[in-house]
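Heads up, the thing below is written out as structure tokens.
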Amino acid sequence: MRLGRIQNDYSAAGFDLVKNSGLDFVEICCNNAEEAERLIGKQDAVKAEILRTGIDVSCVGRWNHSLMADGRIDGDKAEQYSRLLDAAIALGAKTFVCGCNYDPSISLFRNYENAIAFLGPLCERAKESGVRVALQNCDWNNYLVTAKQWEVVLGELPLLTIKYDASHAYNRGEDYLALLSEWGERVSHVHIKGTTHAGRRGVDDPPAGMDDIRWPAVFSILYARRYAGDLSIEPHSAIWRGELGHAGVAFTRDYIRQFLF
390 MRLGRIQNDY
400 SAAGFDLVKN
410 SGLDFVEICC
420 NNAEEAERLI
430 GKQDAVKAEI
440 LRTGIDVSCV
450 GRWNHSLMAD
460 GRIDGDKAEQ
470 YSRLLDAAIA
480 LGAKTFVCGC
490 NYDPSISLFR
500 NYENAIAFLG
510 PLCERAKESG
520 VRVALQNCDW
530 NNYLVTAKQW
540 EVVLGELPLL
550 TIKYDASHAY
560 NRGEDYLALL
570 SEWGERVSHV
580 HIKGTTHAGR
590 RGVDDPPAGM
600 DDIRWPAVFS
610 ILYARRYAGD
620 LSIEPHSAIW
630 RGELGHAGVA
640 FTRDYIRQFL
650 F
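Residue numbers (our numbering): 390 to 650.
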């Protein structure tokens, strides 16, 4: 297992930050259509930074989905996901992360049909390159987040995998360890993000190792399920920013490395 981080500044300064932090790779997350187009247009510049620094792009993600409306897949939006996947392939990424929003105008059954119709071609498009398409388990405009949905969609699409973030399952009150154990063989990418609750209320998403997640148990399960993918630190807190944020990433890096053999 390798350890890197989400770094959406993929300029020279962004790659230098990752390299100087002693991390292995960059993950780039596009939160809207504009960010996706920006990365698609900057592929050559990103390739140059990969060559210059030796820091690769392990994962490209597309978040905050609005693909489904009025009972259909928006073809123009779906086409951009395909082009972003092509960019991920061109950059040498291992994983392409995405999801699918729920369309309340149609039944759950038809939502599943549309999700499978959207995700299946992406998996086939990625197949020859070796890139794995992975569902995020974050529910930001995405409903394919837990076992109920995975049984249907991953059951139909054997090439589809999961990007797992224990904090999302924990924040929804799910058994994040049981989910990881049951679905670990379909996990292709893991986010390392802390989260802390006080009583029933969330407090913050501090550096992993200063939070509620049972990270020793998480890694025990990853090893038991023969996980050999990458681990991506996700700085997420509004408090841990600037110099404090850099210190938090360094803390997580050193904390997580004790589990890597």
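Every residue gets a Cβ at the ideal spot worked out from N, C-alpha and C, and that includes glycine.
_Considering Cα atoms alone, identify which of ARG514, ASN453, ARG461 and ILE602 is closest to ALA477._
Looking up residue 477 in the sequence shown gives position 88. ALA477 has its Cα closest to that of ARG514, out of ARG514, ASN453, ARG461 and ILE602.
Check your understanding: Taking Cβ positions, are ASN503 and ASN453 nearer each other than 7 Å?
Key -> The count along the sequence shown starts at 1 and reaches residue 503 at position 114. The count along the sequence shown starts at 1 and reaches residue 453 at position 64. In this structure, ASN453 does not lie closer than 7 Å to ASN503 by Cβ.
Roughly how many whole angstroms lie between the Cα atoms of ALA636 and VAL542? Against the sequence shown, residue 636 aligns to sequence position 247. Against the sequence shown, residue 542 aligns to sequence position 153. Going from the Cα of ALA636 to the Cα of VAL542 covers about 39 Å.
Answer yes or no: do CYS419 and ARG451 have a C-beta to C-beta separation smaller than 7 Å? What you label residue 419 is simply residue 30 of the sequence shown in a count that begins at 1. What you label residue 451 is simply residue 62 of the sequence shown in a count that begins at 1. In this structure, the beta-carbon distance from CYS419 to ARG451 falls below 7 Å.
request  = Give the DSSP-derived three-state secondary structure of ARG615 in the structure shown.
outcome  = Position 226 of the sequence shown, counting from 1, holds the residue named residue 615. ARG615 falls in the coil class under three-state DSSP.
Requested in this report: State the DSSP-derived secondary structure class of ALA552, mapped to helix, strand or coil.
Outcome: Here residue 552 is taken as the residue at index 163 of the sequence shown, counted from 1. Note that residue 552 is Lys in the sequence shown here, rather than Ala. LYS552 falls in the strand class under three-state DSSP.
Using three-state DSSP, classify GLN469 as helix, strand or coil.
-> Your numbering for residue 469 matches position 80 in the sequence shown. For GLN469, the three-state secondary structure derived from DSSP is helix.
Inter-residue Cα distance where the pair is HIS557 and LEU569: Position 168 of the sequence shown, counting from 1, holds the residue named residue 557. Position 180 of the sequence shown, counting from 1, holds the residue named residue 569. Cα to Cα, the separation comes out at about 12 Å.
inquiry  = Quick check on the burial criterion: 16 or more other C-beta atoms within 10 angstroms. Buried or exposed for GLU623?
reply    = Along the sequence shown, read from residue 1 onward, the residue named residue 623 stands at position 234. In this structure GLU623 is buried. Its beta-carbon is surrounded by 16 or more other beta-carbon atoms within 10 angstroms.
Under 7 Å between the Cβ atoms of LEU620 and ILE581?
As a working mapping, residue 620 is identified with position 231 in the sequence shown. As a working mapping, residue 581 is identified with position 192 in the sequence shown. It is a contact, given that the beta carbons lie within the stated cut-off.
*Would you mind listing the alpha helix (DSSP H) stretches within the region 559–631 that are 4+ residues and don't spill past its ends, in chain order?*
The region 559–631 contains these whole alpha helix (DSSP H) runs: 565–572 and 604–613.
*Please confirm whether VAL435 and TYR399 have their CB atoms less than 7 Å apart.*
For this step, residue 435 is matched to residue 46 along the sequence shown. For this step, residue 399 is matched to residue 10 along the sequence shown. Cβ distance < 7 Å, so VAL435 and TYR399 count as in contact.
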